[in-house]
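Peer 1: Just so you know, the sequence shown maps onto residues 0 to 353 in numbering that gives the first Met the number 0. Handing you this structure, nothing more for now.
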Amino acid sequence: MLNAKQFPCKIGDQNYTIELSTTSLDLINQEQRITFKLSLKLIITWIFYGDKIIGLKVENLEVEGASEDMAKLKMSLGCLATFKGILKFYTFQQTIYLNQNNTTKVCQLISNRNYRIYACKCYKKCNRSIESIHDEINLILKLQGHKFIPMIYEVYESNSCVYLIMEHLYRNFDNDFNDEEIKIIVYNLLQSIKRLEKLSIAHKSISRSHIMFDEDNQLKIIGFSNAVIQKTTNHEFELDIFKVGTLMYKFYKRNMQGDEDQFPKIPDSGSDLMKNLLENQSFYRFNIDVALQHPYFNSLNGDGIEKEIYSMNPKFKDKIEETQSFQTKNFENTLLSLTKQQYFQVDLSTELQN
Numbered sequence: 000m001l002n003a004k005q006f007p008c009k010i011g012d013q014n015y016t017i018e019l020s021t022t023s024l025d026l027i028n029q030e031q032r033i034t035f036k037l038s039l040k041l042i043i044t045w046i047f048y049g050d051k052i053i054g055l056k057v058e059n060l061e062v063e064g065a066s067e068d069m070a071k072l073k074m075s076l077g078c079l080a081t082f083k084g085i086l087k088f089y090t091f092q093q094t095i096y097l098n099q100n101n102t103t104k105v106c107q108l109i110s111n112r113n114y115r116i117y118a119c120k121c122y123k124k125c126n127r128s129i130e131s132i133h134d135e136i137n138l139i140l141k142l143q144g145h146k147f148i149p150m151i152y153e154v155y156e157s158n159s160c161v162y163l164i165m166e167h168l169y170r171n172f173d174n175d176f177n178d179e180e181i182k183i184i185v186y187n188l189l190q191s192i193k194r195l196e197k198l199s200i201a202h203k204s205i206s207r208s209h210i211m212f213d214e215d216n217q218l219k220i221i222g223f224s225n226a227v228i229q230k231t232t233n234h235e236f237e238l239d240i241f242k243v244g245t246l247m248y249k250f251y252k253r254n255m256q257g258d259e260d261q262f263p264k265i266p267d268s269g270s271d272l273m274k275n276l277l278e279n280q281s282f283y284r285f286n287i288d289v290a291l292q293h294p295y296f297n298s299l300n301g302d303g304i305e306k307e308i309y310s311m312n313p314k315f316k317d318k319i320e321e322t323q324s325f326q327t328k329n330f331e332n333t334l335l336s337l338t339k340q341q342y343f344q345v346d347l348s349t350e351l352q353n
């Protein structure tokens, strides 16, 4: 199989080779080929000896292999299948976000392997169908590689929840943004919508709470629970444009002094751009390409604008670094906590599932 990865293994006393492609996991020897189609519906449970992976269980088969090969296989699988046993690989640190109807929450985890910090979106299966959860994850997978989408690494499942392991991001909306920072956010959002539209995807829920930043100040969009794939242009895409105009209005309104009902006066023809973004898109379709070339954005790159995603300036980065510094100071405490858990066998499953 072209570009397939291979790992020697055993089923009972028979030698096999695991052949992994982007679409299937095959167990092969001279007599037979056992094929498992890769999808989030495929459940894999890892077999341990001490703290090392020595095999896997898939459907009714138990497969054994060298620890190094099994670790490589798990890394290669990534989000191509769903794993069992999240607590073998990650330790709960804290809840970052819990939505109002308590259907999903985002936790901060630390890897038991490399001690890096990750985010984990927890979906309660009692509140959403497994098909709906898989649809959202598959949509995010489809967008991987785009700068404005968070990296996702693995998917786990327990009796009550599905867990999506993602890169750890930062939310920095406690302080007001200056004019340049607002321009960068609005520009990046418009670029993001343009790329989503090319893939016939409408986000539908762009809001302040769905804007995050990575360690390099790159804007990331989250919150794809309501996103839809549209075959034709319709009001769903137009709603995304309107939402960007609403955010732009709120950013500048927060910086204004005086009359709450006064419409923000934005320099560099920004008021004109915001008015166009807020127009009823059903009657007036505002072209995103025209918006991205609007004079409001000229100061980002001299007289013209390169069509790329911008990162925040050093001043904004300082805000992120303060957050990172706080986490670094608490890292030793985290390691101490992990040590205590090994001795006192703290059950953290409740924290992840609640």
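Quick reminder that beta carbons are idealized off the backbone N, C-alpha and C, glycines included. Source: prediction; values computed, not measured.
Using the Cα positions of residue 70 and residue 52, report the straight-line distance between them to the nearest angstrom.
Peer 2: 7 Å
Peer 1: What do you reckon, are the CB atoms on residue 217 and residue 146 nearer than 7 Å?
Peer 2: yes
Peer 1: Between 205, 215, 118, 229, which lies nearest to residue 95 when the distance is taken from Cα to Cα?
Peer 2: If we check each option's Cα against that of residue 95, 118 comes out closest.
Peer 1: Tell me whether residue 32 sits in a helix, a strand or coil according to DSSP, three-state version.
Peer 2: strand
Peer 1: According to DSSP, simplified to helix, strand and coil, what is residue 271?
Peer 2: helix
Peer 1: With a threshold of 6 Å on Cβ separation, who are the neighbours of residue 222 within its own chain once the five nearest residues in sequence on each side are excluded?
Peer 2: 204, 209
Peer 1: Quick one: complete beta strand (DSSP E) runs, 3+ long, within the segment 89-174?
Peer 2: 89-97, 103-110, 116-123, 151-156, 160-166
Peer 1: Is it buried or exposed, residue 191, if we count other Cβ atoms within 10 angstroms and call 16 or more buried?
Peer 2: buried
Peer 1: Measure the alpha-carbon distance for residue 132 versus residue 162 and round it to whole angstroms.
Peer 2: Going from the Cα of residue 132 to the Cα of residue 162 covers about 10 Å.
Peer 1: Are residue 159 and residue 124 touching if we call contact CB-CB under 7 Å?
Peer 2: Residue 159 places its beta carbon less than 7 Å from that of residue 124.
Peer 1: Taking its Cβ as the centre, do 16 or more other Cβ atoms sit within 10 Å of residue 12, making it buried, or is it exposed?
Peer 2: exposed
Peer 1: Classify residue 243: buried if its beta carbon has 16 or more other beta carbons within 10 angstroms, exposed otherwise.
Peer 2: buried
Peer 1: Which residues bound the beta strand (DSSP E) around residue 61?
Peer 2: 60-63
Peer 1: Inspect the beta-carbon positions of residue 15 and residue 28 and report whether they are closer than 7 Å.
Peer 2: yes
Peer 1: Using 8 Å as the cut-off, can you tell me whether the segment 22-41 makes contact with the segment 90-105, which would need three or more C-beta pairs spanning the two stretches below that distance?
Peer 2: Per the Cβ contact rule, the segment 22-41 is not in contact with the segment 90-105 (fewer than 3 Cβ pairs under 8 Å).
Peer 1: Check this for me: beta carbons of residue 81 and residue 46, under 7 Å apart or not?
Peer 2: no
Peer 1: Buried or exposed: which applies to residue 187, given that a residue is buried once 16 or more other Cβ atoms fall within 10 Å of its Cβ?
Peer 2: buried
Peer 1: When you compare the CB positions of residue 291 and residue 189, do they come within less than 7 Å of one another, or not?
Peer 2: yes
Peer 1: Would residue 296 be called buried (16 or more neighbouring beta carbons within 10 Å of its own) or exposed?
Peer 2: buried
Peer 1: Opposite residue 219 in the DSSP bridges: which residues?
Peer 2: 211
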